[in-house]
Amino acid sequence: MSTSLNRSLIRTFKYSKQPQLYVHELTKSLCKVSFSKDPSSPEVGTIKNFMMAKGEEQNFMITRTNFLPSNDFMHVLHSTFRKTVYDDVTYQLDALNFISSYLPIGDFKVILKFMNQRPEFENTIGFVRVDKSGVMIKGSYQSNEIYELCNCDGIISLSDYMLEQIRAAI
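Residues in the sequence shown are numbered from 0 upward in steps of one, following numbering that gives the first Met the number 0.
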(Lines of atoms letter the chains of each structure in order from A and count residues from 1; the text may use other names and numbers.)
(Lines give C-alpha, C1' and ligand atoms only; values in the text may rest on other atoms or scores of the structure.)
Protein backbone atom coordinates (compact mmCIF):
# COMPACT_ATOMS: atom_id res chain seq x y z
CA MET A 1 0.00 0.00 0.00
CA SER A 2 1.15 3.52 -0.69
CA THR A 3 2.30 5.61 2.26
CA SER A 4 1.24 8.87 0.58
CA LEU A 5 -2.50 8.67 1.17
CA ASN A 6 -4.81 11.67 1.24
CA ARG A 7 -6.40 11.02 4.64
CA SER A 8 -9.31 13.37 3.98
CA LEU A 9 -10.51 11.03 1.21
CA ILE A 10 -10.30 7.86 3.29
CA ARG A 11 -13.15 6.62 5.46
CA THR A 12 -11.81 4.88 8.58
CA PHE A 13 -13.89 3.03 11.14
CA LYS A 14 -13.29 0.61 13.98
CA TYR A 15 -14.33 -2.93 13.08
CA SER A 16 -17.30 -3.63 15.36
CA LYS A 17 -16.70 -7.40 15.57
CA GLN A 18 -13.04 -6.99 16.67
CA PRO A 19 -12.35 -3.53 18.15
CA GLN A 20 -8.55 -3.86 17.95
CA LEU A 21 -8.85 -3.48 14.17
CA TYR A 22 -9.58 -0.54 11.90
CA VAL A 23 -11.00 -0.64 8.38
CA HIS A 24 -9.72 1.99 5.93
CA GLU A 25 -11.77 2.50 2.76
CA LEU A 26 -9.14 3.50 0.18
CA THR A 27 -11.35 3.36 -2.92
CA LYS A 28 -14.93 2.37 -3.66
CA SER A 29 -13.85 -1.26 -4.12
CA LEU A 30 -10.74 -1.62 -1.94
CA CYS A 31 -10.09 -1.25 1.75
CA LYS A 32 -7.44 -2.40 4.13
CA VAL A 33 -7.57 -3.69 7.68
CA SER A 34 -4.96 -2.62 10.22
CA PHE A 35 -4.21 -2.36 13.94
CA SER A 36 -3.92 1.43 13.61
CA LYS A 37 -6.25 4.40 13.09
CA ASP A 38 -3.65 5.72 10.65
CA PRO A 39 -4.63 4.63 7.12
CA SER A 40 -0.98 4.75 6.01
CA SER A 41 0.04 2.08 8.54
CA PRO A 42 0.87 -1.44 7.30
CA GLU A 43 -2.16 -3.64 6.78
CA VAL A 44 -3.12 -6.99 8.29
CA GLY A 45 -4.83 -7.60 4.96
CA THR A 46 -7.19 -6.13 2.41
CA ILE A 47 -10.87 -6.52 1.65
CA LYS A 48 -11.70 -7.22 -1.96
CA ASN A 49 -14.88 -6.01 -3.64
CA PHE A 50 -15.64 -3.70 -0.74
CA MET A 51 -19.00 -1.98 -1.16
CA MET A 52 -20.79 -0.43 1.80
CA ALA A 53 -22.96 2.61 2.30
CA LYS A 54 -22.11 5.06 5.05
CA GLY A 55 -23.88 4.16 8.28
CA GLU A 56 -23.66 0.41 7.60
CA GLU A 57 -20.33 -0.11 9.41
CA GLN A 58 -21.93 -2.02 12.30
CA ASN A 59 -23.23 -4.67 9.88
CA PHE A 60 -19.95 -5.12 8.01
CA MET A 61 -18.36 -8.59 8.27
CA ILE A 62 -14.80 -9.57 7.44
CA THR A 63 -14.89 -13.16 6.20
CA ARG A 64 -12.47 -15.63 4.70
CA THR A 65 -14.11 -15.03 1.31
CA ASN A 66 -13.57 -11.25 1.23
CA PHE A 67 -10.30 -10.99 3.20
CA LEU A 68 -6.84 -11.26 1.61
CA PRO A 69 -4.10 -11.60 4.26
CA SER A 70 -0.87 -9.63 3.93
CA ASN A 71 2.27 -11.77 3.66
CA ASP A 72 4.27 -8.84 5.04
CA PHE A 73 2.06 -8.75 8.13
CA MET A 74 2.44 -12.51 8.63
CA HIS A 75 6.21 -12.01 8.69
CA VAL A 76 5.87 -9.20 11.28
CA LEU A 77 3.43 -11.30 13.33
CA HIS A 78 5.74 -14.32 13.57
CA SER A 79 8.86 -12.19 14.07
CA THR A 80 7.20 -10.27 16.91
CA PHE A 81 5.91 -13.42 18.60
CA ARG A 82 9.33 -15.07 18.20
CA LYS A 83 10.94 -12.17 20.11
CA THR A 84 8.34 -11.15 22.70
CA VAL A 85 5.75 -13.84 23.45
CA TYR A 86 7.83 -15.03 26.44
CA ASP A 87 7.07 -11.78 28.29
CA ASP A 88 3.28 -11.98 27.86
CA VAL A 89 1.68 -12.84 31.21
CA THR A 90 -1.30 -14.44 29.43
CA TYR A 91 0.94 -17.05 27.81
CA GLN A 92 3.16 -17.35 30.91
CA LEU A 93 0.11 -18.50 32.87
CA ASP A 94 -0.95 -20.86 30.07
CA ALA A 95 2.55 -22.37 30.06
CA LEU A 96 1.98 -23.71 33.58
CA ASN A 97 -0.53 -26.15 32.06
CA PHE A 98 1.95 -27.45 29.46
CA ILE A 99 4.95 -28.47 31.60
CA SER A 100 7.68 -30.26 29.59
CA SER A 101 5.61 -29.89 26.45
CA TYR A 102 4.74 -27.40 23.72
CA LEU A 103 2.40 -24.51 24.46
CA PRO A 104 0.09 -23.70 21.54
CA ILE A 105 0.12 -19.92 21.11
CA GLY A 106 -3.44 -19.23 20.05
CA ASP A 107 -4.96 -15.97 18.97
CA PHE A 108 -8.12 -14.97 20.75
CA LYS A 109 -10.72 -15.43 18.01
CA VAL A 110 -12.23 -18.09 20.25
CA ILE A 111 -11.94 -17.88 24.04
CA LEU A 112 -11.19 -21.37 25.34
CA LYS A 113 -13.51 -22.69 28.05
CA PHE A 114 -11.19 -25.08 29.89
CA MET A 115 -7.62 -25.14 31.17
CA ASN A 116 -5.37 -27.34 29.01
CA GLN A 117 -7.77 -26.88 26.10
CA ARG A 118 -5.86 -26.29 22.88
CA PRO A 119 -6.95 -23.84 20.21
CA GLU A 120 -7.79 -25.24 16.79
CA PHE A 121 -4.70 -25.49 14.58
CA GLU A 122 -5.90 -22.75 12.22
CA ASN A 123 -6.21 -20.44 15.29
CA THR A 124 -2.74 -21.35 16.63
CA ILE A 125 -0.14 -18.75 15.66
CA GLY A 126 2.75 -20.93 16.78
CA PHE A 127 4.19 -23.13 19.51
CA VAL A 128 6.66 -22.54 22.35
CA ARG A 129 8.55 -25.19 24.30
CA VAL A 130 7.87 -25.17 28.06
CA ASP A 131 10.41 -26.47 30.59
CA LYS A 132 9.76 -28.72 33.60
CA SER A 133 9.06 -25.65 35.77
CA GLY A 134 6.31 -24.38 33.47
CA VAL A 135 8.44 -21.58 32.01
CA MET A 136 8.53 -20.86 28.29
CA ILE A 137 11.99 -21.49 26.82
CA LYS A 138 13.21 -18.34 25.06
CA GLY A 139 14.11 -18.89 21.44
CA SER A 140 11.89 -21.97 21.09
CA TYR A 141 9.02 -20.31 19.19
CA GLN A 142 7.98 -22.18 16.06
CA SER A 143 5.46 -20.65 13.67
CA ASN A 144 2.42 -22.64 12.59
CA GLU A 145 2.31 -22.62 8.80
CA ILE A 146 -1.42 -23.42 8.70
CA TYR A 147 -2.42 -20.49 10.93
CA GLU A 148 -5.15 -18.35 9.35
CA LEU A 149 -5.52 -14.65 10.12
CA CYS A 150 -9.20 -14.90 9.18
CA ASN A 151 -11.38 -18.00 9.18
CA CYS A 152 -14.89 -19.12 10.14
CA ASP A 153 -14.13 -18.18 13.79
CA GLY A 154 -13.38 -14.55 12.89
CA ILE A 155 -10.29 -12.42 12.38
CA ILE A 156 -7.13 -12.21 14.47
CA SER A 157 -7.48 -10.91 18.02
CA LEU A 158 -4.47 -10.45 20.31
CA SER A 159 -3.74 -10.19 24.02
CA ASP A 160 -3.21 -6.61 25.19
CA TYR A 161 0.54 -7.17 25.53
CA MET A 162 0.99 -8.70 22.08
CA LEU A 163 -1.20 -5.97 20.55
CA GLU A 164 1.22 -3.37 21.98
CA GLN A 165 4.18 -5.32 20.59
CA ILE A 166 2.64 -5.65 17.12
CA ARG A 167 1.73 -1.96 17.03
CA ALA A 168 5.32 -1.09 18.00
CA ALA A 169 6.69 -3.40 15.27
CA ILE A 170 4.60 -1.89 12.47
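By construction, the Cβ of each residue, glycine as well, lies at the ideal position given by its N, Cα and C atoms. Quick caveat, the model's predicted, so the values are computed rather than measured.
- N48 and S69 have their C-alpha atoms spaced approximately 16 Å apart.
- Annotated three-state conformation of V43 is coil, per DSSP.
- Collapsing the DSSP output to three states places S142 in a strand.
- In its chain, beyond the 5 residues on either side, G44, I61, T62, R63, F66, P68 and I155 have a beta carbon closer than 8 Å to the beta carbon of C149.
- For the pair I104 and G125, the CB atoms are nearer than the 7 Å cut-off.
- For F59 and S15, the gap between their C-alpha atoms comes out near 8 Å.
- Judged by their CB atoms, T79 and I165 are nearer to each other than the 7 Å cut-off.
- Apart from the 5 residues on each side of it in sequence, H74 has no Cβ closer than 7 Å to any other Cβ in its chain.
- In the displayed model, Y14 falls within coil according to three-state DSSP, outside both helix and strand.
- For I124, the enclosing beta strand (DSSP E) has its first and last residue at T123 to R128.
- Y21 is not a Cβ neighbour of D87, given a cutoff of 7 Å.
- Scanning its chain for C-beta atoms nearer than 7 Å, with the 5 sequence neighbours on each side dropped, one finds around E24 the residues I9, R10, C30 and F49, in chain order.
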